[in-house]
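Numbering (the numbering used here), first residue to last: 29 to 121.
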């Protein structure tokens, strides 16, 4: 929840090679308790505002995700955000 909240409010994608060792998140019980290692989290952004996030993690090993993986998930999030916004606009019409 802490990682998701951080990305939602910052509006910036995040790639963590080892969340348990990251000084920003290692103090959180949820990160340590779940032994989160590799994490990708990216916001769903519509008109400059976060409406949600896409979150992927792996507790089996550190450094499993690459910057290329982050780019792929971010591209997916951008398409998803556009689809959500289109559905909202269609609903309003």
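Beta carbons are placed, not taken as given, at the ideal position from N, Cα and C, and that holds for glycine.
* Could you please give me the residues that DSSP links to residue 77 through a beta bridge? => Here the question's residue 77 lines up with position 49 in the chain shown. 74.
* Asked: Beta carbon of residue 113: closer than 7 Å to some heavy atom of the ligand PLP?
  -> No copy of the ligand PLP occurs in the structure displayed, which carries no ligand at all.
* To do: Using the Cα positions of residue 121 and residue 56, report the straight-line distance between them to the nearest angstrom.
  => Along the chain shown, read from residue 1 onward, the residue named residue 121 stands at position 93. Along the chain shown, read from residue 1 onward, the residue named residue 56 stands at position 28. Computed Cα separation, rounded: 44 Å.
* To do: On a CA-only basis, which of 59, 49 and 72 is nearest residue 108? Give me that one, please.
  => Locating residue 108 in the chain shown gives position 80, where the first residue counts as 1. The residue with the shortest Cα to Cα distance from residue 108 is 72.
* Asked: Can the beta-carbon of residue 65 be found closer than 8 Å to that of residue 90?
  -> Counted from its first residue, the chain shown places residue 65 at position 37. Counted from its first residue, the chain shown places residue 90 at position 62. Yes, Cβ-Cβ distance for residue 65 and residue 90 is below 8 Å.
* To do: Whole angstroms is fine: what's the gap from residue 44's alpha carbon to residue 67's?
  => Mapped onto the chain shown, residue 44 falls at position 16. Mapped onto the chain shown, residue 67 falls at position 39. Rounded to whole angstroms, residue 44 to residue 67 spans 5 Å at the Cα level.
* Asked: If residue 47 sits next to residue 59, beta carbons under 8 Å apart, how far is it from one beta carbon to the other, in whole angstroms?
  -> Here residue 47 refers to the residue found at position 19 when the chain shown is read from its first residue. Here residue 59 refers to the residue found at position 31 when the chain shown is read from its first residue. That pair is a contact at about 5 Å.
* Asked: Mind checking residue 70: buried by the 16 CB within 10 Å criterion, or exposed?
  -> Residue numbering aside, residue 70 sits at position 42 when the chain shown is read from its first letter. That one is buried.
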